[in-house]
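Offset between the sequence shown (1-based) and my numbering: plus 57.
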Amino acid sequence: MSQEITCFKAYDLRGQLGTELNEDVAYRVGRAYAEVMNTKTVVVGGDVRETSASLKQACAEGLMDAGADVIDIGMVGTEEIYFATSFLKCSGGIEVTASHNPMDYNGMKFVKEDSKPISGDSGLLDIKAKAEAGDWAYTGPKGTLTVRNLLSEYVDHLMGYINAENITPMKLVVNSGNGAAGHVIDEIEARFKDQGIPIEFIKVHHNPDPTFPNGIPNPLLPENRAATA
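Given below as C-alpha cells:
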C-alpha cells in the first residue's frame, strides 16, 4: 500500500518521531534502499537516542527482506559507519541518527559502496519513491544479520593519522555531548597510554545519555560550548 513519506531531505532523512518517522517508515526505507541500490551487504549503526535501536532494527528487517545481508556495528557515530562501509567492503551503509536535532526527532544517513554519499541526484529520490509506493520486487531468500564490534579497527585507522614522536605534552578537553563518541575517546586514551604519548584527556559530558541532560549535542550553540571552554 502506498504511503507518503515526508521526512526525506536533500541529503538524508530527518523527521519528527511518530508523525513523520516510525518503525514502519524505517522498514520501508531499508527495503527500498536495498532494492534501489541493489545492495548485497549493508552495515548499519545508530546513535544514542532512545529510538535509534528500534528504528535500526526495523530498517535492518527491510534490508534483509530485500535479500541484503546486514552487519550491525552497534551504537556508533556516523563517521564509524563511513569507515565500516569501506573497511568491510560493503555495498552500502546506513546510520540512524538525528545529529543535533531536538530529542523528538530521528533520521538516517546513507552511503553506497566506498562510503560515497547518496543524495537526491544519486539515488535518494528513487529510494523515497520506492519506499512510498511499497511495490517490492524482490521475492528471494531473506538476508542474514551479523553483529560486529569494529572499535579496535576504527581506532587503528585513526591512529594512522598521527606520529607519536611529534606529540608534545598537553591537556586535551574532549566534550562528547553525551553522544556516541565516548567509547572512541576511551580507546584512543588507552592507546596513547600504551604508547607513552603524553596527552592528558579531560572528558566533559562523556557518558552516552539519550536524555541529553547537558543539551542537544550541537556545538554551534554558544551555551553548549561553555563547559568545554
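Where is the CB? At the ideal position from N, CA and C, for every residue including glycine.
Query: Assuming residue 91 and residue 125 are in contact, meaning their beta carbons sit under 8 Å apart, how far apart are those beta carbons, in whole angstroms?; Result: 4 Å
Query: Give every residue of the same chain whose Cβ lies closer than 6 Å to the Cβ of residue 107, excluding the five residues on either side of it in the sequence, and list them in chain order.; Result: 267
Query: Could you give the DSSP three-state label for residue 120: helix, strand or coil?; Result: helix
Query: Grab me the residues of residue 226's own chain with a C-beta within less than 6 Å of its C-beta, minus the 5 sequence neighbours each way, in chain order.; Result: 255
Query: Can you tell me where the alpha helix (DSSP H) with residue 282 in it begins and where it stops?; Result: 279 to 282
Query: In whole angstroms, what separates the C-alpha of residue 341 from that of residue 280?; Result: Residue 341 is absent from the model: the chain starts at 58 and stops at 286.
Query: Would you say residue 69 and residue 164 are within 7 Å of each other, going by their C-beta atoms?; Result: yes
Query: Less than 8 Å between the CB atoms is what I'm expecting for residue 274 and residue 235, so what's the real figure, rounded?; Result: 7 Å
Query: Please report the distance separating the alpha-carbon of residue 179 from that of residue 216.; Result: 32 Å
Query: Smallest Cα separation from residue 228: which of 257, 213 and 284?; Result: 257
Query: Between which two residues does the alpha helix (DSSP H) containing residue 203 stretch?; Result: Residue 203 -> not in any alpha helix (DSSP H); beta strand (DSSP E) instead, spanning 202 to 204.
Query: Determine the DSSP secondary structure at residue 106, reduced to helix, strand or coil.; Result: coil
Query: Looking at C-alpha atoms only, which residue of 223, 63, 185 and 60 is the closest neighbour of residue 87?; Result: 185
Query: Assess contact between the stretch 125 to 141 and the stretch 246 to 253, defined as three or more Cβ pairs (one per stretch) separated by less than 8 Å. Is contact present?; Result: no
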